[in-house]
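What follows is a set of notes on a single structure, which appears directly below.
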């Protein structure tokens, strides 16, 4: 490989990050921790986007615009998620998602 | 490969390690605060990768948005979690000798069959008290020596030197046992029936005889059964079983609930995280909080005053699977499907890496001009106007939605008063009554007992100097 | 490509941080003693400038505290991270014509983004000591971040709109005819208030409040770490004044009418310390604000004013 780290290196970092995000979402019990796992998933995708922009078509700054919109969506998702969490916490007194499973039974 | 490329590789590897380490650290730590911070580290290190990809503006935006955003998340977690500093769980992990990483070892066990646990908590408590009583009878003699020993023990404990929580706990409990015996012996020798305050004290001691972590859970359930007595806000040593005025300063006596009598007056300064956790417990709607299963642990503790170290996960699961399950229901960080989640995520990662490795990617093409911000600004206001407006509207909708969702209902009757306190009243010191760190409670009661023992010893001594009523 | 000049640049920036932090400490000491109406210095007048040095050596001889139940990782790394972060921002200050560590094309954004972690380190320091006061200080430091970040972002948009660039060098160069304080005095005032919040100075020193929280976030530090943290906070105050000078007061350029009869870096230093003295003096005259008062000030007063400022600047840029 010539030169600095190539596209494959960035994509592999993104893939591992995605796997860690999935682990965090599936294994944690705290609702805020699950939100944080979703944040990792989103950022893994954003890293891939930036890497593709840089290596495939760096002259089209539309790639960066796409990333900015994705970041916005991430921020909004987090704000709404936290607000819902706060509401649920007020109603139930816990943020443990195992306790919210009465739809199952 | 020239020097510049090498530098790029070094920066890349460092940043990638920080990204992955931060993401992993978030799932593996038990301190909520640290989890938020390590996620922040992960996302900020990703900004380093952006700089390497020559997307400076995205890097700056990434840092700006995520530092603020993760900070909000961290603070929310600290407010909502019952043990944000992770201290209680570390204590428990050490005590139960759980193997493995921090949070991975605190996962939910599979749900046990509906078997009645053999030694339920009240039984074991009674057993323990009975054992203590028997021991006391045996060691009635040579109390003066024991008195000395107790005094020494007390001196040793007041020094905050010993850092090992096990040893301190054992010391305290030994001293407690000694002094309990002593108190009983003294009272029997004086041939007086134990007063109301005396029995209150004894109750407190029984509670604090249990291991460290159960004290908080116990206080919730015992508060209803304990008799309330009254104490002066300025002179905590003044106690009475009926309301009145303090003989020392004339202030009105305030009611105090049984076993918590000594914890409110003097609390350790170093108890911030425990304070937060205690607030969560006091505020959780189902009174007993998440520590409901904790009495199950008593069966693991010996009744002879010293800690029984056989409190490993295996032994506990075998002896009391239901109790263990209930305990973990409150404490565990990760779900029972931890292994499945791990396997699934590893498979996902492997598949992704395999797919990436199979494709022949393009080589790096050079960026033409690096004045990214201007270009992006132009694009945002020309070609991508709709996307820009859409994002702005989305943000607006997000702000409004978040505010509307999180707003507190004013009209609803105050059913959830406790949780309201939890979310707003971080300052009020009166809610921190039973949140002193677990160690300080037996410690303080211990001190009281010594005071009382010394006083009654003085009263019983033949010289008969000033007999002061301490009770 | 790394070269010797870059290493020298980095060393020069480090030296600059130490020097300006020292003089900031002296200035702060003078103003604090004046505001308190008592003499806190033990040295006579001409030698009073050595007072921070004496305090520093006194502190350095103290033992490094070890806390019993603290979060050691956070507690011990906080001052180092704070100092390194502030060092990074010093690289983008335009000290004079072509006298800048590195002119970034996202300079102002960089300044905003990288100062967020300074507040985070203060929160770490407070949380790490694991005390009740520490937890309160953590939340107060978080409140400060939420107060200043949006406000100062909108306040510095004004000069960016006028100069049409995020690069500090270009913003300073665009002020050769008229300083932006003349065009947008409102933005300048908002920047000053937000800068006071950002540098944890009175009346916004709530996470460090000596009389309420017994020192708050810095309560448990001693010895070298305390010195390092104080150094970082002093450098932060100077940094905010310097950026304010670059944005609103013409940077290294001399007074418009008198002309540049002093070297450019001296102009910059004079203006920066003047602005710093103004900021600190104003702060010492006011009573300390509560958290809710500070948040209300930032979100209900400063933010609408900053939006109004943007509209005004837009009108000025279009029609004047």
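Chains as they are written, first to last, in the numbering used here: chain A, 1 to 105; chain B, 1 to 471; chain C, 1 to 320. Ideal Cβ positions, reconstructed from N, Cα and C, are used throughout, including at glycine.
Per DSSP, reduced to three states, the secondary structure at residue 3/B is helical.
In terms of CA proximity to residue 106/C, 373/B leads the group 91/B, 24/B, 337/B, 373/B.
DSSP, reduced to helix, strand and coil, places residue 80/C within a helical segment of the structure shown. At the C-beta level, residue 180/C and residue 162/C come within 9 Å of one another. Contacts with chain A at 9 Å (Cβ-Cβ) include residue 54/B. Rounded to whole angstroms, residue 63/C and residue 223/C show a C-alpha spacing of 6 Å. In the same chain as residue 43/B, and ignoring 5 residues on each side of it, the C-beta atoms closer than 6 Å to its own belong to 66, in chain order. Nearest in C-alpha terms to residue 408/B, of all of 96/A, 100/A, 91/A, 95/A, is 91/A. Assignment of residue 96/C by DSSP, reduced to helix, strand and coil, places it in the strand class.
Residue 402/B is classed as buried because its beta carbon has at least 16 other beta carbons within 10 Å across all chains shown. Put simply, the CB of residue 100/A is far from chain B, with every gap to its CB atoms at 9 Å or more.
Under the 10 Å beta carbon count, residue 14/A is surrounded by 16 or more other beta carbons and is classified as buried. The continuous alpha helix (DSSP H) containing residue 42/B extends over residues 32 to 52. Within chain A, the residues whose beta carbon sits less than 7 Å from that of residue 58/B are 50, 64, 67, listed in sequence order. Of all residues in the region 33 to 44 of chain A, only 33, 35, 36, 37, 39, 40, 43, 44 place a beta-carbon less than 9 Å from a beta-carbon of chain B. Judged by their CB atoms, residue 27/C and residue 317/C are not nearer to each other than the 9 Å cut-off. For the region 232 to 294 of chain C, the full-length alpha helix (DSSP H) segments reaching 4 residues or more read 264 to 285 along the chain. The beta carbon of residue 338/B sits closer than 9 Å to some beta carbon of chain A.
Interface with chain A (9 Å Cβ-Cβ cutoff): residue 41/B is excluded. Around the CB of residue 54/C, fewer than 16 other CB atoms lie within 10 Å, so the residue is classed as exposed. One alpha carbon belongs to residue 88/C, the other to residue 99/A, and they sit about 46 Å apart.
Of all residues in the region 153 to 168 of chain C, only 166 come within less than 8 Å of chain B when Cβ atoms are compared, listed by chain position. In the structure shown, residue 177/C falls within a coil segment according to DSSP collapsed to helix, strand and coil. Sequence-distant partners of residue 56/C (beyond 5 residues in either direction) whose C-beta falls short of 7 Å from its own C-beta, in its chain, are 227. Put simply, the region 187 to 194 of chain C does not touch the region 101 to 121 of chain C. Fewer than three CB pairs are less than 8 Å apart. By the neighbour-count criterion, in which a residue is buried when 16 or more other Cβ atoms sit within 10 angstroms of its Cβ, residue 61/C is exposed. Residues 127, 128, 130 of the same chain have their beta carbon placed closer than 7 Å to that of residue 71/C, with the five preceding and five following residues left out of the count. Contacts with chain A (Cβ-Cβ distance below 9 Å) from the region 369 to 399 of chain B involve 369, 372, 375, 376, 378, 379, 380, 383, 384, 387, 388, 390, 391, 392, 394, 395, 397, 398, 399, listed in chain order. Between residue 32/A and residue 32/B, the CB-CB gap stays under 9 Å. Note on residue 95/C: 16 or more other CB atoms within 10 angstroms of its CB, so buried under the neighbour-count rule. Residues of chain B with a Cβ closer than 7 Å to the Cβ of residue 234/C do not exist; the shortest Cβ-Cβ separation is about 22 Å.
Taken through DSSP and simplified to helix, strand or coil, residue 407/B comes out as coil.
For residue 72/B against residue 46/B, the beta-carbon gap comes to about 18 Å, at or over 8 Å, which does not count as contact. If you check each beta-carbon in the region 3 to 32 of chain B against every beta-carbon of chain A, the ones closer than 7 Å belong to 5, 8, 9, 12, 16, 19, 20, 23, 24, 26, 27. Within chain A, the residues whose beta carbon sits less than 7 Å from that of residue 334/B are 27, 28, 29, listed in sequence order. Here DSSP, grouped into helix, strand and coil, assigns residue 28/A to strand.
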